[in-house]
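Have a look at the structure below before the remarks.
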Amino acid sequence: MSTETKKKLVLHTSDNETFEIEEAVVLQSQAIKHMVEDECADNAIPLPNVTSKTLSKVIEYCKKHAEDSGEEALKAWDADFIKFDTDTLYDVIMAANYLNIKSLLDLTCQRVADMCKGKTPEEIRRTFNIKNDFSPEEEEAVRRENQWAFE
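Residues are numbered in this note's numbering as their position in the sequence shown, beginning at 1, plus a constant of 1.
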């Protein structure tokens, strides 16, 4: 029976939570990979821009993508995984960008694009809680200048 121990890295979140994760999983983050390569990851790796709630989601994604799953099964898992509320989606986008995990950033940004598809600017503002800071006159001028986008 093999008792092979896999190297683990310790990640420390902005809300003082600590995660011990297998190196193979966490190296999907190019930012962390570079820290390890540059020997800057001897102790816990601080993640001042990532909360424990968000890091849990990122780790869940990285663990699944570190497994040797079939491409179709992974696509189905991604489609189910990405169904977060907009606040969580925003946080995961920011974490994926900060940690430089391109596949997760692509997935989350595609989710935002899909959420915008076929919606009016007003519906998009409601969906993402965006305040309209245009006056009615400014908005009308933008609509006239960019008529092609509203057809």
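Glycine residues also receive a C-beta, built at the ideal position from the N, C-alpha and C atoms.
- DSSP places residue 49 outside any alpha helix (DSSP H), giving it a letter other than H or E.
- Distance between residue 125 and residue 119, taken at the CA atoms: about 10 Å.
- The way I'd put it, the region 26-44 doesn't touch the region 76-89; fewer than three beta-carbon pairs between them come closer than 8 Å.
- Rounded to the nearest whole angstrom, the C-alpha separation of residue 36 and residue 101 is 12 Å.
- Around residue 55, the same chain offers 92, 93, 96 as residues with beta carbons nearer than 7 Å, after the five sequence neighbours per side are excluded.
- Uninterrupted alpha helix (DSSP H) stretches at least 4 residues long and entirely within the region 13-52 occur at 24-27, 31-38, given in chain order.
- DSSP places residue 64 in the helix class (H, G or I) of the three-state scheme.
- When rounded, the separation of the alpha-carbon atoms in residue 49 and residue 110 is 22 Å.
- Where residue 94 is concerned, the enclosing alpha helix (DSSP H) starts and stops at 87-100.
- Look at the beta carbons and you see the region 65-76 not touching the region 130-139: under three pairs across the two are nearer than 8 Å.
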